[in-house]
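In what follows, a single structure is set out as structure tokens and then discussed.
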Amino acid sequence: MSLEKTMTFAKTMSLETTQAITKTLSQVTVPPLPEWINRYMTSSNQYGTKAFDRSLIVLGLIMYMVGLVMVASSSIPVAERLFNNPFHFVIRHGIYIALSLGVAGVALQIPMSWWHKNSSYLLGFAIVLLVTVLIIGRSVNGSTRWIVLGPITVQAAEPAKLFFFCYLAAYLVRRREQVMENMKGFIKPLIVFGVMAVLLLLQPDLG
90 MSLEKTMTFA
100 KTMSLETTQA
110 ITKTLSQVTV
120 PPLPEWINRY
130 MTSSNQYGTK
140 AFDRSLIVLG
150 LIMYMVGLVM
160 VASSSIPVAE
170 RLFNNPFHFV
180 IRHGIYIALS
190 LGVAGVALQI
200 PMSWWHKNSS
210 YLLGFAIVLL
220 VTVLIIGRSV
230 NGSTRWIVLG
240 PITVQAAEPA
250 KLFFFCYLAA
260 YLVRRREQVM
270 ENMKGFIKPL
280 IVFGVMAVLL
290 LLQPDLG
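Just so you know, our numbering puts the end of the sequence shown at 296, numbered straight through with nothing missing.
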């Protein structure tokens with residue numbers, strides 16, 4: 090088979106796969122959740138954790154499933170060739186999904202007041218991470234973005250972004266009037282953003 094025919098065949102298969110997934114998702118009917126889950130997601134608990142949207146969780150789970158399908162469709166031939174196991178990357182991705190759901194479950198139990206109270210410490214930790222990765226981080230293809238922690242690597246920019254938004258949200262709650270009334274209150278978070286942006290550009294991480 091010529092290269093041109095191979096490319097045409099690959100494009101056709103990719104289009105057919107995408108159309109099949111789109112058709113399947115359009116026919117999906119989300120079943121009602123059990124009553125105890127419904128109550129948990131629509132009422133606040135004694136620790137002050139706010140209620141969260143059921144539809145948001147369902148959409149998140151759908152995105153997880155679609156991502157898993159995409160990983161499977163794109164990695165099976167490569168995994169078969171490299172590891173003699175066509176589902177190597179699918180299994181690994183599934184493990185990451187399970188871990189992320191576990192972390193999300195723990196995070197949902199933390200009261201919003203805790204994030205608000207400790208937002209400045211989280212921001213400081215984020216800046217420490219971004220500086221640390223420049224000193225001891227692993228360089229790949231000219232970019233230094235990862236901190237090696239035993240068998241895993243952590244991309245410092247990811248928790249740093251989360252902690253920055255925690256700080257920004259808490260700042261806007263605390264200094265709402267100041268931000269609305271004068272430029273000084275508006276400039277302060279921009280300075281913090283600028284510092285973090287410079288640290289990201291030094292990696293460089295343009296994503």
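Glycine included, every Cβ here is placed at the ideal spot set by N, Cα and C.
Quick caveat, the model's predicted, so the values are computed rather than measured.
- In this model, Val243 and Ala249 are separated by some 11 Å (Cα to Cα).
- Under DSSP, Ser232 forms a beta bridge with Val229.
- Sequence-distant Cβ neighbours of Pro175 in its own chain, meaning closer than 8 Å and more than five residues away, are Ile165, Pro166, Ala168, Glu169.
- Gln292 is positioned such that its CB atom lies closer than 8 Å to that of Leu223.
- For Trp235 and Leu288, the gap between their C-alpha atoms comes out near 13 Å.
- By the Cβ criterion, the segment 272-279 is in contact with the segment 256-264, since at least three pairs of Cβ atoms, one from each stretch, lie closer than 8 Å.
- Between Trp203 and Cys255, the C-beta gap is not smaller than 8 Å, which leaves the two residues out of contact.
- Nearest to Phe178 by alpha-carbon distance, out of Gly156, Ser189, Ile280, is Gly156.
- Tyr153 and Ile180 do not touch by the CB rule: their CB atoms are close to 15 Å apart, not below 8 Å.
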